[in-house]
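Each position in the sequence shown, counted from 1, maps to that position plus 74 in my numbering.
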Amino acid sequence: MGGSISVESQPEKGTVFTFSIPFLQAEQSGNTAVSSDMQREDRGLEGKHILAAEDNDINRMIVVSILEEQGCKLTEARDGQEALSAFEASSPGYFDLILMDIQMPVMDGYEATRRIRALPRPDAGNVPIIAMTANAFREDIEKALAADMDDVLTKPLDIKLLFKKVEIIKDREGLL
C-alpha cells in the first residue's frame with residue numbers, strides 16, 4: 075500500500091513509533107455534500123420535542139447531541155421514574171417522541187412505558203415510544219412490544235436506523 079513503519083528505542087529514554095499511510099484524494103462526482111438544514115428537513119425532526127430516558131451518562135449524551143444537531147428539543151431523564159415524571163409534568167402533546175432505555179434504576183423502561191400509556195390524557199396512548207436496549211434477543215423485543223412500546227433499537231444506537239424507525243412510525247401513525 076506504499077506506507078511505512080519504524081521504531082526507534084533508547085534505554086531509559088523511551089520508544090518512538092513512526093508510521094505513514096498514503097491517502098489518495100477521492101474523486102468528487104457532483105455535489106455530494108448535504109447541508110444540515112436539508113437533513114433536518116428530510117427527517118422532519120427539527121423543532122420536535124423528544125424525551126430521552128437513559129441511565130448511562132455517555133449514551134444519553136450521545137443521543138442528545140445527535141438529536142440536538144438535527145434541531146430537536148431534548149428533555150433528559152436518568153431513569154424510568156424521571157421519564158414518567160417529565161411526561162406527567164408536560165402539557166398534553168408536548169412530546170413528539172420518547173426514547174426509552176429498558177434497563178434503568180428506580181423504574182425500568184417497561185414499567186415507565188406502561189405507566190405513561192395508562193395516564194388519563196389524550197397523548198399518553200399515542201406518543202411514539204422507541205425502546206433502546208443492549209439486548210437484541212427475540213424475547214427482549216417481544217417484551218418491549220408487549221409493554222406497548224412502538225419499536226426497539228439495539229445499542230450501540232445506529233442513528234440512521236433511529237431516523238428510519240421514526241419515519242416509519244410517523245407514516246404509520248400520522249404523527250410527528
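Ideal Cβ placement from N, Cα and C applies to all residues, glycine included.
Treat the numbers as computed from the prediction; the structure is a model and nothing was measured.
Determine, using beta carbons only, whether residue i and residue j come nearer to each other than 9 Å.
i: A208; j: T187; result: no
i: A221; j: E185; result: yes
i: M135; j: A157; result: no
i: D129; j: M178; result: yes
I'd like to know whether the C-beta of residue i is nearer than 9 Å to at least one C-beta of chain D.
i: S83; result: Absent here is chain D; the protein component of the structure consists of one chain.
Just to confirm the assignment, what range does the alpha helix (DSSP H) spanning residue i have?
i: A220; result: 212-220
i: Q84; result: Premise fails: Q84 lies in the beta strand (DSSP E), 78-84, not in any alpha helix (DSSP H).
i: D131; result: 131-143
i: G154; result: 154-163
i: E150; result: Premise fails: E150 lies in the beta strand (DSSP E), 147-151, not in any alpha helix (DSSP H).
i: A186; result: 183-192
Using a Cβ-Cβ cut-off of 6 Å (strictly less than) and excluding sequence neighbours within five positions of residue i, which residues of its own chain qualify?
i: G104; result: A caution first: G104 carries a pLDDT of 43, below 50, which makes its placement in the model too unreliable to give a value.
i: A218; result: A205, V226
i: S110; result: Note on S110: pLDDT 43, under 50, position unreliable in the model; the coordinate value appears next. There are no such residues.
With a CB to CB cut of under 7 Å and the five nearest residues on each side skipped, what residues in its chain are close to residue i?
i: E66; result: Nothing in the structure corresponds to residue 66, since the chain is present only between 75 and 250.
If contacts are defined as beta-carbon pairs under 8 Å, then residue i and residue j qualify, I think. What distance do you get, rounded to the angstrom?
i: P196; j: I243; result: That pair is no contact at about 18 Å.
i: V180; j: D214; result: Between D214 and V180 the Cβ distance is about 20 Å, and since that is not below 8 Å, they are no contact.
i: I124; j: L171; result: 5 Å
i: S94; j: S78; result: 5 Å
Identify the continuous beta strand (DSSP E) that holds residue i and give its terminal residues.
i: L171; result: 171-175
i: S201; result: According to the sequence shown, residue 201 is Val rather than Ser. Unbroken run through V201: none, as it is neither H nor E.
- Item | Three CB pairs or more closer than 8 Å across the segment 135-146 and the segment 154-168 | Cβ pair count under 8 Å is below three, so no.
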